[in-house]
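Residue numbering for the sequence shown follows our numbering, beginning at 1 and increasing consecutively.
For each residue, glycine too, the CB sits at the ideal point set by N, CA and C.
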Amino acid sequence: MKLLHLIKRYAGPYWPLIVLVVLFQFAQSVLSLLLPTINGDILNDGVLVGNTDVIWRLGGWMLVVSLLQIAANTLAILCGAIIAMRAGRDMRADVFQKASAFSEQDMQRFGSASLITRNTNDVQQVQMLILMSCTMLMSAPMLSIGGIVLAIRADATLSWIVAVAVPVMLIVMALIVSRLVPIFATLQEKVDAINRVMREQLTGIRVVRAFVQEKREKRRFDKANEDLYSAMLRTGNLFVLAFPLIMLIVEVSSVAVIWFGGHLVDSGELEIGTMMIFLQYLMQILMGIMMMTFMTMMIPRAAVGARRISEVIETEASVARGTGSAAPADGTVEFEGVSFSYPGADTPVLEDVTFTAHPGETVAIIGSTGAGKTTLVNLIARQFDVTAGSVRVGGVDVRESDTDQLWANLGLVPQRPYLFSGTVASNLRFGDENATEADLWQALEIAQAKGFVAEKGLDARVAQGGTNFSGGQRQRLSIARALVKRPRVLLFDDSFSALDTSTDARLRAALDAELSDITRIVVAQRVATVQGADRILVIESGRILDQGTHDELLETSETYREIVNSQMSVEA
Ligand code: M5T
Ligand code: MG
């Protein structure tokens, strides 16, 4: 079972603490079982009356045993808490690390909301179970079984009460557990649903407002919320029912002991102390059963959590990290007969793409929406693996090169630039932690971002996703971030689209002047952006239709001429 496996894996390393927990639980149970006997002996001892010496001695003895029992219990809980918290910490670290390595495809499979629930709520369930086990996995059965044995030994004539109370308790508990388990099993998914809806709405809040869809979205959230509410309410109802039932069984059986025991005491067949011993053991037995029940109830919820955690931990990221040790020798990017289809799709997005970009060259890619430009760029960064052919960077197939080395050589400016919460400087230093302020300013200058950053300073706050910057500012910051890295290959995926034409032109001029030895691959929609490139690839439906310089293409390529004409007429 996944749960056991997970507990073994994450609590296992703390085995010295587990040994301590077992010892403390054992000590605590033995001491608890000892108490009623001492207690009863005091009552049975006729000499007690008026004999202060004996009272002090036996009373003191009881006090010592109780204190020892409390100490053992406290230590067991303390060690248990340490084990559980550490196991939880380690689990979260592993889930985070796994999720960070996930490719786009894996992310889509789990969904980010679910990954977050898995790493918080699910881990918490397993952690709780570990904690509960550490406090009572051993003491609960010891108390009930030891209690039964000692109660029977104390007085066989009252034992039939145990024989009735224990099965009744077991049946009631079994009924409650059997009702709770199915509800518990679905709780996690409902928490997931809440997170998913809330996350989506917060991300898309502007769209929701602009389209006046707040009511609809609210209904969607209410439904998920209502779902969780009613499931929680049902568990609550069962608990409310459980406690009075348990108390009823406990009280009725103590009344029975006193009633029947009282008669026996009356007729001189039973000593009053023995009756008290019996009564206290009966309580311990019932308490033990109750504790075991609560543990049993935790198991299904924790098991669901464990399954969901294991799914993440056991998933091999679909694009494995390169195993090879080869590092790219230079900035050459080569595509050789590359075809690619997205997993699960039947039509290829790229077909038989072949081209080479040498260090210092600018290769531009132009083509209509959905032509496969982003896909092509992502293949260089090995976000996906090619279906056929090969992609080589610096002469090494990307699948055979060391992934960290590969990425260290690439500076990617994604189509949708993402900035992290922090400051402008902390975002730029993603490229190189040790970059000096002068380096940062230089990069900002090339990226034409110096103007607006200078106003706010390098320590200007950046909101999550960079939402407090305009689209064009974000693009330029993410260009600067790639430049700080000083890579051998720069990949611009439509990175100039949000810039006005004059900023675009200045940016390209600065890039040409400063980065003459760097390979540049520029995806663009605007002819002006690609015009000066050493080679322009015109792609359509994943195929390279034509390639050449601007002037050559004007001569040879029908499609390129159409693109040029369409943009001329718009601008004219
Ligand atoms: C090309 C499909 C998409 C399109 C084709 C990124 C991505 C794309 N596709 C997927 O199925 N899954 C994905 O994760 O691939 O898409 P593209 O490469 O993004 O095209 P583009 O960059 O040329 O387009 P644009 O709009 O950025 O100019 O059919 O469905
Ligand atoms: Mg794109």
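Remark: three or more beta-carbon pairs, one from each stretch, lie closer than 8 angstroms, so the segment 526 to 538 and the segment 548 to 556 are flagged as touching. Per DSSP, the unbroken beta strand (DSSP E) holding A524 starts and ends at T519 to A524. In this structure, S566 is the residue among T74, D106 and S566 with its C-alpha nearest to the C-alpha of A528. The three-state reading of DSSP puts T369 in coil, since its state is none of H, G, I, E or B. Where L490 is concerned, there is no enclosing alpha helix (DSSP H), although the beta strand (DSSP E) around it starts and stops at V489 to D493.
A direct Cα-to-Cα measurement between F96 and A231 gives close to 29 angstroms. In this structure, G331 places its C-beta atom within 8 angstroms of the C-beta atom of T519. Non-local beta-carbon contacts of V208 in its own chain, meaning distances under 8 angstroms to residues more than five positions away in sequence, involve Q201, E214 and E217 in chain order. One Cα belongs to R92, the other to A113, and the distance between them is close to 15 angstroms. As computed with DSSP, G411 is found in a beta bridge with L490. Relative to the Cα of S497, the nearest Cα in the group R526, L379, R153 and R461 belongs to R526. Collapsing the DSSP output to three states places D439 in a helix. Taking every protein chain shown into account, the CB of F335 has 16 or more other CB atoms within 10 angstroms, so this residue is buried. Looking at the DSSP output, R392 shares a beta bridge with E334 and D397. Residue pairing by DSSP places G548 opposite I536 in a beta bridge. Bridge pairing for S339: A388 [DSSP]. Under DSSP, L350 forms a beta bridge with F340. In the three-state reduction of the DSSP assignment, A317 falls in the coil class. For a cut-off of 8 angstroms, the C-beta gap from R382 to T403 is around 7 angstroms, short enough to register as a contact. Using a 10 angstroms sphere on the CB of M169, the tally of other CB atoms reaches 16 or more, which defines it as buried. Per DSSP, reduced to three states, the secondary structure at G422 is strand. Taking C-beta atoms as the reference points, N195 and I116 count as a pair closer than 8 angstroms.
In terms of side-chain proximity, the C-beta atom of A93 is found no nearer than 7 angstroms to any non-hydrogen atom of the ligand M5T. For T501 and I479, the gap between their C-alpha atoms comes out near 16 angstroms. Residue pairing from DSSP leaves V250 without any beta-bridge partner.
Note on P182: under 16 other CB atoms within 10 angstroms of its CB, so exposed under the neighbour-count rule. Between the beta-carbon of V424 and that of A460 there is about 5 angstroms, and that keeps the pair under the 8 angstroms contact cut.
Relative to the ligand MG, the beta carbon of T529 is positioned no closer than 7 angstroms to any heavy atom. Inter-residue distance for L440 and G422 is about 16 angstroms (C-alpha atoms, whole angstroms). According to the DSSP assignment, K2 belongs to the alpha helix (DSSP H) that extends over K2 to A11.
When only Cα atoms are considered, R206 and L376 end up about 31 angstroms apart. When only Cα atoms are considered, T356 and V333 end up about 6 angstroms apart.
In this chain, the alpha helix (DSSP H) harbouring K98 covers T52 to A101. Here the C-alpha atom of R57 lies approximately 41 angstroms from the C-alpha atom of T296. By the neighbour-count definition (other C-beta atoms within 10 Å, threshold 16), A87 is a buried residue. With respect to the 8 angstroms criterion, R301 and Q125 are classified as neighbours on the basis of their beta carbons.
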